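Chains as they are written, first to last, in this note's numbering: chain A, 1 to 194; chain B, 1001 to 1194.
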């Protein structure tokens, strides 16, 4: 008889995209908390939308959700007010050193950010290039051009070179951690006032 | 033997406060959808925050939440952009014909709306007096005065008379259903521009 080798259980490493996303997200939440405490801006992360199917009431005042599913958000994750401007953005990260795939950005997010910028708000992405340990502020106009180009059969990602040329490097420190409002001060608001 | 009457099953009517709240909320969501489609404003309801405790994966791509609890939101329910202004509000309703109890408005909501108005945003409440079938736009300043007064031992509610004098009646129609932006046009933005 032939002895088949016993397959080893595959150990799935927990360093998945979603975990990394959580870190970037929580760094931005810590940044926003600092902005709030120093009265610089009022910006919050929206809760993740959940479709509740079943709720039980084990005690009178406490509802326990026993069946629910994550829903696709219709907007971006973060919004708020800064210097009187409406601010709206999402955060993304990439493992690649050379680009971020546009598959990371959902159609409805592009549509939402377009509506925001058309209405006079400040819309953008914060993109983390893990390989370079760099955070970039990507203005919506650059995102939109690359996105539209991809719809016409062009490149399906935004290159790191595009970020170096057309996005703004965000400084990272202890407090504020990911200081994207300083980018807005220097590069975005002066253009809006023209 | 004494025959005890068989107790009838009590039928609990489903016209509770929470259901009514849902109607007001969904009327505002329909209004916002109309504003969005007519390119007048981009305003969304934030998802209800949920603390997820347990998730199972019955199939590869679908996460099923099996234990979760509702969390207290740290902000108000609605925000967005209108005519370049950041707009932020919550909706409340009262069964009473003469007042709305301040217990309906949470401390953190007052704090949040104060931060918003201090930052140059437009903060307010939409209050539905069911007994009168009237919707009111209550500016944050009026809410804050009544709230501060209640903290000093004053009245624990806002009277209907205060609404008649200092709030703005919102017209109700088919589309837009609860037309609060027209109140902002007539009564709020002109004051901001002084």
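Ideal placement from N, C-alpha and C gives every residue a C-beta, glycine not left out.
Fair warning: this is a prediction, and the values are worked out from it, not measured in the lab.
Asked	Found
Taking contact to mean 3 or more Cβ pairs, one atom from each stretch, closer than 8 Å, check whether the segment 1164-1183 of chain B and the segment 1138-1145 of chain B are in contact.	yes
By DSSP's criteria, residue 67 of chain A is part of a beta bridge. Which residues make up the other side?	A/54
Return helix, strand or coil for residue 16 of chain A, following the three-state DSSP convention.	Because residue 16 of chain A sits at a pLDDT of 42, beneath the cut-off of 50, its placement in the model cannot be relied upon, and the point is left open.
Restricting to Cα atoms, I'd like to know which of A/65, A/110, A/103, A/32 is closest to residue 1054 of chain B.	A/65
Measure the C-alpha to C-alpha separation of residue 1010 of chain B and residue 1095 of chain B and round it to an integer number of angstroms.	Here residue 1010 of chain B scores only 46 on pLDDT, less than 50, and its place in the model is too uncertain to base an answer on.
Please return the same chain residues whose Cβ sits closer than 8 Å to the Cβ of residue 1037 of chain B, not counting the five positions on each side in sequence.	none
Can you find the residues in the same chain that come closer than 7 Å, C-beta to C-beta, to residue 1040 of chain B, ignoring five residues on each side of it along the sequence?	1181
Which one or two residues does DSSP pair with residue 1093 of chain B in a beta bridge?	B/1128
For the segment 1143-1162 of chain B against the segment 69-76 of chain A, are there 3 or more C-beta pairs whose distance is under 8 Å?	no
Give the interface partners of residue 109 of chain A over in chain B, defined as CB-CB distance under 9 Å, in chain order.	Within chain B, no residue comes near residue 109 of chain A; the closest Cβ sits about 13 Å away, beyond 9 Å.
Can you check whether the C-beta of residue 103 of chain A is within less than 8 Å of a C-beta belonging to chain B?	no
Less than 8 Å between C-beta atoms, sequence neighbours within five positions excluded: which residues of the same chain meet that for residue 159 of chain A?	98, 99
Flag residue 121 of chain A as yes if its beta-carbon sits less than 8 Å from any beta-carbon of chain B, otherwise no.	yes
Indicate whether at least one CB of chain B lies closer than 8 Å to the CB of residue 21 of chain A.	At residue 21 of chain A, the pLDDT of 45 sits below 50, so the modelled position is not reliable and the matter cannot be decided from this model.
Quick check on residue 74 of chain A - is its C-beta less than 8 Å from some C-beta in chain B?	yes
Output the distance between the C-alpha atoms of residue 187 of chain A and residue 1023 of chain B, rounded to the nearest integer angstrom.	43 Å
Tell me whether residue 1112 of chain B is buried or exposed, calling it buried when 16 or more other Cβ atoms sit within 10 Å of its Cβ.	buried
With DSSP as the reference, label residue 1138 of chain B as helix, strand or coil.	strand
Can you give me the start and stop residues for the alpha helix (DSSP H) that residue 192 of chain A sits inside?	189-192
Name the chain B residues that come within less than 8 Å of residue 46 of chain A, Cβ to Cβ?	1046, 1047
Take residue 35 of chain A and list the residues in its own chain whose beta-carbon comes closer than 6 Å to its own, dropping the five residues that flank it on each side.	41
If you check the beta carbons only, do residue 1043 of chain B and residue 1080 of chain B fall under 8 Å apart?	yes
Taking 8 Å as the threshold (C-beta atoms), are residue 74 of chain A and residue 108 of chain A in contact?	yes
So, does the CB of residue 79 of chain A fall closer than 8 Å to a CB anywhere in chain B?	yes
Residue 191 of chain A versus chain B: which residues are under 9 Å apart at the beta carbon?	Simply none; closest approach about 15 Å.
Quick one: what does DSSP say residue 179 of chain A is sitting in, helix, strand or coil?	coil
For residue 110 of chain A, name the three-state secondary structure that DSSP assigns.	helix
Let me see if you follow: with CB-CB separation under 8 Å, is residue 1067 of chain B close to chain A or not?	yes
So which residues of chain B does residue 70 of chain A contact, with C-beta pairs closer than 8 Å?	1063, 1065
Going by DSSP in three states, residue 149 of chain A sits in which element: helix, strand or coil?	helix
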